[in-house]
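Enquirer: Numbering (our numbering), first residue to last: 4 to 153.
Using N, Cα and C, we set each Cβ at its ideal position, and we do this for glycine too.
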Amino acid sequence: MATYDETVGGAAIPWDKLADGGFFRLEHTLNAATAIANHATPTSDGYFTANDILQLIDFPAGCVFLYSIFRTVTAGTTAGAQGDLGFAGGEEFDTAVALDATAGTVVFETVADGDADNEYAAAGTADMQVITQNLITGEWVWSIVGIYGA
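Right under this line is the structure:
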C-alpha cells in the first residue's frame, strides 16, 4: 500500500474565493493512465494496486461536506475494480464504488448522518483508496459539495 498525491489543479474554487457560510464545489478529474505515469512505482508495475491511496482533492480547514458525486467518464478496464471515496482516517462518502462502471454512470452519496455537521478543523485531502483488483485505465470526475465556515 502506498499513497500518491494527485491533487495538483484539482480544486474548482480557489480558497481565497470561499466565503464564510458559502456553498462550494471541489472537483477532480482522475485519469488512471496519466496518474500511473506520474509516479515511479505504479509506472514500473503498470497499475495502482489494491489498498493504494490516491489523494485527489485538497480542502482548507473550516469545511463541512454535504455530498459527493462520482461520475465515470471512461470505464476502468479491470473487471471488478472498486474504490472507497473519503478522507484520511476511514471517513468515507461511499465504499466499494465500481471503477469499471459504464461510461456515464453517476454515484451520488450524502455524508453519513453522524458526520453531517463535522467541520474539519485542519486542512486535508479527499482520497480514493483502490480496494480490489489493480487499477490500470479509466477516467472519473469526483465532485464534493459543502459549506465553508458554517
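Going by other Cβ atoms of all chains shown within 10 Å of its Cβ, with 16 needed for buried, is Thr75 buried or exposed?
Expert: As a position in the sequence shown, residue 75 is number 72, starting the count at 1. With 16 or more Cβ atoms within 10 Å of its Cβ, Thr75 is classed as buried.
Enquirer: Under the rule that 16 or more other beta-carbon atoms within 10 Å means buried, what is Val133, buried or exposed?
Expert: Here residue 133 corresponds to residue number 130 of the sequence shown, with the count starting at 1. Val133 comes out buried.
Enquirer: Using CA coordinates, which residue listed in Gly79, Gly86, Ser47, Glu112 is at the minimum distance from Asp57?
Expert: On the sequence shown, position 54 is the one that residue 57 refers to. Note that residue 57 is Leu in the sequence shown here, rather than Asp. The residue with the shortest Cα to Cα distance from Leu57 is Gly86.
Enquirer: Identify, in the order they occur along the chain, each residue of the same chain with its Cβ nearer than 6 Å to the Cβ of Ser146, setting aside the five sequence neighbours on each side.
Expert: By 1-based counting over the sequence shown, the position of residue 146 is 143. Excluding residues within five positions, the ones whose Cβ falls inside 6 Å are Arg28, Glu30, Ile72.
Enquirer: Between the region 44–64 and the region 135–152, do at least 3 Cβ pairs fall closer than 8 Å?
Expert: yes
Enquirer: Roughly how far, in whole angstroms, is the beta-carbon of Gly65 from the beta-carbon of Tyr151, given that I think they are within contact range, below 8 Å?
Expert: As a working note, residue 65 is residue 62 in the sequence shown. As a working note, residue 151 is residue 148 in the sequence shown. That belief holds up - the Cβ atoms of Gly65 and Tyr151 are roughly 6 Å apart, short of 8 Å.
Enquirer: Less than 8 Å separating the beta-carbons of Tyr70 and Val144?
Expert: Counted from its first residue, the sequence shown places residue 70 at position 67. Counted from its first residue, the sequence shown places residue 144 at position 141. Cβ atoms of Tyr70 and Val144: not closer than 8 Å.
Enquirer: Go through its chain and collect everything with a Cβ distance to Ala36's Cβ below 7 Å, but skip five positions before and after it.
Expert: The count along the sequence shown starts at 1 and reaches residue 36 at position 33. Contacts found: Thr140.
Enquirer: Output the boundary residues of the beta strand (DSSP E) element that contains Ala99.
Expert: For this step, residue 99 is matched to residue 96 along the sequence shown. Element bounds for Ala99: 94–101.
Enquirer: Less than 8 Å between the beta carbons of Thr32 and Thr128, yes or no?
Expert: The count along the sequence shown starts at 1 and reaches residue 32 at position 29. The count along the sequence shown starts at 1 and reaches residue 128 at position 125. For Thr32 and Thr128, no; Cβs fall outside 8 Å.
Enquirer: Thinking Asp103 and Leu59 are a contact (beta carbons under 8 Å), I'd like their distance in whole angstroms, please.
Expert: If you number the sequence shown from 1, residue 103 lands on position 100. If you number the sequence shown from 1, residue 59 lands on position 56. With a Cβ gap of about 18 Å, Asp103 and Leu59 do not count as contacting.
Enquirer: Do Asp55 and Ala5 have their beta-carbon atoms positioned less than 8 Å apart in this structure?
Expert: Position 2 of the sequence shown, counting from 1, holds the residue named residue 5. Position 52 of the sequence shown, counting from 1, holds the residue named residue 55. Yes; because the gap between Cβ atoms is below 8 Å, this pair is in contact.
Enquirer: Sort out for me which residues DSSP pairs His31 with in a bridge.
Expert: As a position in the sequence shown, residue 31 is number 28, starting the count at 1. Paired residues: Trp145.
Enquirer: Under a three-way DSSP split, which group does Ile60 fall into?
Expert: Here residue 60 is taken as the residue at index 57 of the sequence shown, counted from 1. The answer is strand: DSSP assigns Ile60 an E or B state.
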